[in-house]
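Colleague: Position 31, counted from 1, in the sequence shown is what this note's numbering calls 32; the numbers after and before it change by one each time, with no gaps. Starting off with a structure, shown below.
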Amino acid sequence: MRETLEDFFFYIASEKGLSKNTAIAYRRDLFCFLDVIEKRGVSHFSEVSKGEILAFLDFLKNKNLASSSIYRAMVALKSFFRFLRKERLVQTEETLYLDTPKVWQLVPDVLTESEVQTLLEVPNIEEPLGARDRAILEVLYASGLRVSEVCGLNIVDVGNDTVRVRGKGGKERIVPIAKSALDSIDHYLLHFRGEGKNAALFVSPRGVRLDR
């Protein structure tokens, strides 16, 4: 498995053009992941399940890492499993589980301003998932909405400087939103969201609404 990791590091260095610091951080994160799953008896990445992913994130949480560091580890893990899928070394991307509520409950709630900025800079906005994730993070930070409310947004809910939100009990309210968040939404919609029949603003790679 270590040889496969080295192949991935060569891939991101030669084809993805990641910065040296980001590549070093990815290496550290993924070797930590490898240590965790090996201790759980996993001998091939195709054997990784949701249990291993949660065990890894629980390991990160217990190290008292900043939220931005945990999120970066999530991004590294998702990038690695996309590589494994591309190379046909796994059948499914278990890291799609990283978008579910159980995972986000592991991430500390309070961020400093510098952590927020670091977090916003992690997604690669030149890729579909990166553009989507950047827009989600911008909306969360700029509006104070719950994750479930952001997942419930439809394209038509986005106005010139507000979003229409449906909360508990179906109650609607209008929430002001920063221009930076709107710009990120526009970038995602224009370049990556696609047409489709789903009214949801934020969708999974399969084209279905993200589920909080």
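Think of the CB as a built atom: it goes at the ideal place given N, C-alpha and C, for glycine as much as any other residue.
Among all the DSSP beta bridges, which residues are the ones paired with E173?
Modeller: In the sequence shown, the residue the question calls residue 173 occupies position 172. For E173, which the question treats as bridged, DSSP gives the partners R167.
Colleague: V204 by DSSP, collapsed to three states: which one?
Modeller: Numbered from 1 along the sequence shown, position 203 holds the residue referred to as residue 204. Strand.
Colleague: Can you round the beta-carbon distance between L202 and D158 to whole angstroms, since I take them to be within the 8 Å contact cut?
Modeller: Within the sequence shown, the letter at position 201 stands for residue 202. Within the sequence shown, the letter at position 157 stands for residue 158. Yes, they are in contact, since the Cβ atoms of L202 and D158 sit about 7 Å apart, within 8 Å.
Colleague: Taking contact to mean 3 or more Cβ pairs, one atom from each stretch, closer than 8 Å, check whether the region 39-48 and the region 66-80 are in contact.
Modeller: Judged by Cβ distances under 8 Å, the region 39-48 makes no contact with the region 66-80, as fewer than three pairs qualify.
Colleague: Just to confirm my understanding: we take L121, look at its own chain, exclude 5 residues before and 5 after, and list those with CB closer than 6 Å. What are they?
Modeller: Mapped onto the sequence shown, residue 121 falls at position 120. Excluding residues within five positions, the ones whose Cβ falls inside 6 Å are L138.
Colleague: What do you get for D8, buried or exposed, if any count of 16 or more other CB atoms within 10 angstroms of its CB means buried?
Modeller: The residue you call residue 8 lines up with position 7 of the sequence shown. So D8 counts as exposed.
Colleague: Are there three or more Cβ pairs, one per stretch, closer than 8 Å when the region 176-188 is compared with the region 142-151?
Modeller: Counting Cβ pairs under 8 Å, three or more are found: they touch.
Colleague: Answer yes or no: do L85 and V76 have a C-beta to C-beta separation smaller than 8 Å?
Modeller: By one-based count along the sequence shown, residue 85 stands at place 84. By one-based count along the sequence shown, residue 76 stands at place 75. Not in contact: L85 and V76 (Cβ atoms no closer than 8 Å).
Colleague: Pop quiz: L31 and L6 are said to be a contact at Cβ under 8 Å. What is the actual Cβ separation, rounded to whole angstroms?
Modeller: In the sequence shown, residue 31 corresponds to position 30, counting from 1. In the sequence shown, residue 6 corresponds to position 5, counting from 1. So it is a contact: roughly 6 Å between Cβ atoms.
Colleague: Distance, Cα to Cα, P124 vs L58?
Modeller: Here the question's residue 124 lines up with position 123 in the sequence shown. Here the question's residue 58 lines up with position 57 in the sequence shown. Cα to Cα, P124 sits roughly 19 Å from L58.
Colleague: According to the Cβ coordinates, are V209 and A182 closer than 8 Å?
Modeller: Here residue 209 corresponds to residue number 208 of the sequence shown, with the count starting at 1. Here residue 182 corresponds to residue number 181 of the sequence shown, with the count starting at 1. Cβ atoms of V209 and A182: not closer than 8 Å.
Colleague: What does a CB cutoff of less than 8 Å around L130 pick up in its chain, not counting 5 residues either side in sequence?
Modeller: Looking up residue 130 in the sequence shown gives position 129. Result list for L130: K79, P124, P206, in chain order.
Colleague: Counting along the chain, where does the alpha helix (DSSP H) carrying R135 start and finish?
Modeller: For the purposes of this step, residue 135 is identified with residue 134 of the sequence shown, where counting begins at 1. Its alpha helix (DSSP H) spans residues 129-144.
Colleague: Taking the straight line between their C-alpha atoms, what separation do you get for R89 and F46?
Modeller: Looking up residue 89 in the sequence shown gives position 88. Looking up residue 46 in the sequence shown gives position 45. One C-alpha to the other measures close to 11 Å.
Colleague: Excluding the five sequence neighbours on either side, which residues of its own chain have a C-beta within less than 6 Å of the C-beta of R167, listed in chain order?
Modeller: On the sequence shown, position 166 is the one that residue 167 refers to. Answer for R167: G153, E173, listed in chain order.
Colleague: Buried or exposed: where does R73 fall if 16 or more other Cβ atoms within 10 Å of its Cβ makes it buried?
Modeller: Numbered from its first residue, the sequence shown carries residue 73 at position 72. Label assigned to R73: buried.
Colleague: Measure the C-alpha to C-alpha separation of G145 and S44 and round it to an integer number of angstroms.
Modeller: Within the sequence shown, residue 145 is the residue found at index 144, counting from 1. Within the sequence shown, residue 44 is the residue found at index 43, counting from 1. Between G145 and S44, the C-alpha separation is close to 42 Å.
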